[in-house]
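Chemist: Counting in our numbering, the sequence shown runs from 2 upward without gaps.
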Amino acid sequence: MTSFPSSDPAGVVVTTGLPSETQALGRRLAGLLRPGDVVLLAGPLGAGKTLVAAGVADGLGVDVPVTSPTFVIVRSYAGFLPLHHADVYRIDSTGEWDDLDLLTMAADGVLMVEWGDAVAGSVPDDHLVVEISV
Numbered sequence: 002m003t004s005f006p007s008s009d010p011a012g013v014v015v016t017t018g019l020p021s022e023t024q025a026l027g028r029r030l031a032g033l034l035r036p037g038d039v040v041l042l043a044g045p046l047g048a049g050k051t052l053v054a055a056g057v058a059d060g061l062g063v064d065v066p067v068t069s070p071t072f073v074i075v076r077s078y079a080g081f082l083p084l085h086h087a088d089v090y091r092i093d094s095t096g097e098w099d100d101l102d103l104l105t106m107a108a109d110g111v112l113m114v115e116w117g118d119a120v121a122g123s124v125p126d127d128h129l130v131v132e133i134s135v
């Protein structure tokens, strides 16, 4: 069951109990996103970062399956807003991040970055962080 029991100084705390609820959270988040938004997904391996991204994609009208782009680094999807889904797990430096130029590419849509805490200092200050714990 998805619940919104509390908030803390860092933001809203949301608890989900099932993968489908985590994906539903992403669908709800999609309704809040606008062109140029950057969402950083943080959490341990297997926590549900890709599930949140898949939910956002569904909420944006993407009609193809969303998978983690670990080896290709970024996948782009067409929806009501373009969704650019990146995974920076294998990025070793800020220079590599800069070379990808994802912020420019994603200016017309939403950029979601798995392992986003690694690049938090290289994105606009008004980014959203979704911290996932298990």
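From the three backbone atoms N, C-alpha and C, an ideal C-beta is built for every residue, glycine too.
I'd like to know whether the C-beta atoms of H128 and D59 end up nearer to each other than 9 Å.
Modeler: No, Cβ-Cβ distance for H128 and D59 is not below 9 Å.
Chemist: Going by CA-CA distance only, name the one from G110, G56, S134, I92 that's closest to S1.
Modeler: Summary: the structure shown does not reach residue 1, with the chain confined to residues 2 through 135, and so no result is reported for it.
Chemist: Let me make sure I understand the geometry here. Which of V130, A25, E22, L103 has the alpha-carbon closest to that of L84?
Modeler: Of the listed residues, the one whose Cα sits closest to L84 is L103.
Chemist: Relative to the C-alpha of G49, which candidate in A119, A25, Y78, G80 has its C-alpha closest?
Modeler: Of the listed residues, the one whose Cα sits closest to G49 is A25.
Chemist: Would DSSP call D88 helix, strand or coil?
Modeler: Of the three classes helix, strand and coil, the one that applies to D88 here is strand, per DSSP.
Chemist: Whose C-alpha, out of L30, E22, Y78, G18, is nearest the C-alpha of V131?
Modeler: That would be L30, whose Cα lies nearest to the Cα of V131.
Chemist: Within a Cβ cutoff of 8 Å, which residues of the same chain sit near V89, ignoring the five residues on either side of it in sequence?
Modeler: Around V89: I74, W98, V114, E115, W116, G117, A119, V120.
Chemist: Does the separation of the CB atoms of D109 and P36 fall below 9 Å?
Modeler: Closer than 9 Å, so yes.
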